[in-house]
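Those letters in the sequence shown? Residues 1 to 200, by full-length UniProt numbering.
What follows is one structure encoded as structure tokens, with my remarks underneath.
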Amino acid sequence: MSFSLNTPLDAKACAQLFTEARTHNAWQERPVSDELLHQLYDLLKWAPTSANAAPARFIFVKSAEAKAKLLPSLSEGNIEKTMSAPVTVIVAYDLEFYEQLPALFPQADAKSWFAGNEAAITSTAQRNGSLQGAYLMLAARALGLDCGPMSGFDLSKVDEAFFAGSQWRSNFLINLGYGDTAQLYPRNPRLDFSQACRIE
């Protein structure tokens, strides 16, 4: 069966990804399988990054032991929703991402663009790692999961607990699971086009 990649998604798909999707803070007692997490990564990995650098790294925190390791880094307001979420993703980035570029971007010597250039490494890792975290949320919604992204945590504590001795650094967290819609807050407004955009 053939299809065109330039055909707009229907309203139902757009609603699931954007217009009706919500940030969740309460969760159903419904597990997320390891197989689904593999599906999730295998979907998001195809989305674009600069020079195909793919600097994001994802830790899927599921076990009680891993949740206990994450707990001391959380701000008070994020503890309950994180501890009750089936999965919490630590969206991180690898400051040595450029070591993979000979395989990921073989058409140029892209590794040389970054090796020894701390400013380029950091900005590329942070920007593209954040992009990949957003791709993860869209992929999760596409697979029927709900998301609760957040930044209320101590990055240094997460890095010490999960990434000691490595060049991985935490960026933000995403709780994943099946949200309890009965406990959603009223939806907040968004800026309209005239407030956020210009066409020049």
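Even for Gly, the Cβ is constructed at its ideal location relative to N, Cα and C.
{"Item": "Identify, in the order they occur along the chain, each residue of the same chain with its Cβ nearer than 6 Å to the Cβ of ASP34, setting aside the five sequence neighbours on each side.", "Value": "none"}
{"Item": "Rounded to a whole number of angstroms, what is the C-alpha to C-alpha distance between LYS45 and LEU37?", "Value": "12 Å"}
{"Item": "Can LYS62 and MET83 be called in contact, C-beta distance under 8 Å?", "Value": "no"}
{"Item": "Note down the Cα distance separating ASP146 from ASP192, rounded to an integer number of angstroms.", "Value": "25 Å"}
{"Item": "DSSP state of PHE172, grouped into three classes?", "Value": "strand"}
{"Item": "The alpha helix (DSSP H) spanning GLY148 covers which residue range?", "Value": "Element bounds for GLY148: not the alpha helix (DSSP H) but the beta strand (DSSP E), 146–150."}
{"Item": "Taking buried to mean at least 16 other C-beta atoms within 10 Å of its own C-beta, is PRO55 buried or exposed?", "Value": "buried"}
{"Item": "For the segment 177–186 against the segment 95–114, are there 3 or more C-beta pairs whose distance is under 8 Å?", "Value": "no"}
{"Item": "Can you tell which of SER75, TYR135 and SER194 has its C-alpha closest to the C-alpha of LEU17?", "Value": "TYR135"}
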